[in-house]
Structures are given as structure tokens and as C-alpha cells.
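Mind the numbering: the sequence shown is residues 1 to 120 in our numbering, read in order.
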Amino acid sequence: MAKRELDGAAKKKPSESTASEPKNQDFETSLASLEKIVRELERGDLPLEKSLELFERGVRLSRVCQERLSEAERRVEVLLRDDEGRLVIGNFEDDDEAVEFGGAGRSDTEGEPEEDEDVF
Numbered sequence: 001m002a003k004r005e006l007d008g009a010a011k012k013k014p015s016e017s018t019a020s021e022p023k024n025q026d027f028e029t030s031l032a033s034l035e036k037i038v039r040e041l042e043r044g045d046l047p048l049e050k051s052l053e054l055f056e057r058g059v060r061l062s063r064v065c066q067e068r069l070s071e072a073e074r075r076v077e078v079l080l081r082d083d084e085g086r087l088v089i090g091n092f093e094d095d096d097e098a099v100e101f102g103g104a105g106r107s108d109t110e111g112e113p114e115e116d117e118d119v120f
């Protein structure tokens, strides 16, 4: 039985190696790999096992991409804080109109209409 376990370890696929793990790839490489997987799965001509394998890898890549984007967002927010720690977000069309948010994030009521404002 020990021989079988050794044989199983020796047959490890190259795709299972740590070098190709999504966490070792930059965002752009991970996103390109994810897009390729989506195209392959959308063709619909793969065997079930191959489709499941690609889907699992796609989920891992998607999570890595989301982590990278969240990290980038946190870094940008740090850069956009003023001297008093308020988050200052500028309007791309008009830099003179910056929106300030107190605390660590946006207000819960942001984007909601005023009580006496007509919705329709």
C-alpha cells in the first residue's frame, strides 16, 4: 500500500505545482488565465472532469483577483486620506468638487434620497 501512495505522489500533475498556483501570479496574469478558462468553458465541448478542473481553477483565480483588487483599493484609500484622516474622493470630471467622507468608510446613507425628496 505504501507503493501506491508513492506512485500517487509521483504522478502529481504539473498544473498542481506551486509555481502555477494563482497566488504566485500577478493580477494581470491571473485575470488573463481566468478569461482563458471562461472561454474554454463557454465552448461547452470539454469532458465533465476537465470542465470541473477548469472551474475549480477559475474559482481560485477569481478569489486571487478579488484579493488583489481589494488590496489595491485599500492602498488607494490610504493615499486619498487628508491630514485629518478623512477619505477624500475626487470627481474625475471636475477635480474642484471633491467628496469628503468622515471615518474609515462611506456613509450608510450615501446615494439615498433625502426624506422630503421625491423618488418618482
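From the three backbone atoms N, C-alpha and C, an ideal C-beta is built for every residue, glycine too.
Asked	Found
Straight-line gap, D82 to V88 (C-alpha atoms, nearest Å)	7 Å
Within 8 Å, strictly: CB atoms of L61 and E40	no
Close beta carbons around F27, own chain, < 7 Å, minus the five adjacent residues each side	C65 and R68
Nonlocal neighbours in the same chain, by C-beta distance under 7 Å from L129, ignoring five residues either side	Outside the displayed range of the chain (1 to 120) lies residue 129, so it cannot be described from this structure.
Own chain, CB closer than 7 Å to R57, minus 5 neighbours either side, in chain order	I37
Alpha-carbon to alpha-carbon, K23 and R63	9 Å
Buried or exposed (CB count within 10 angstroms, at least 16 for buried), S30	buried
DSSP state of L87 mapped onto helix, strand, coil	strand
DSSP beta-bridge partners of R81	L87
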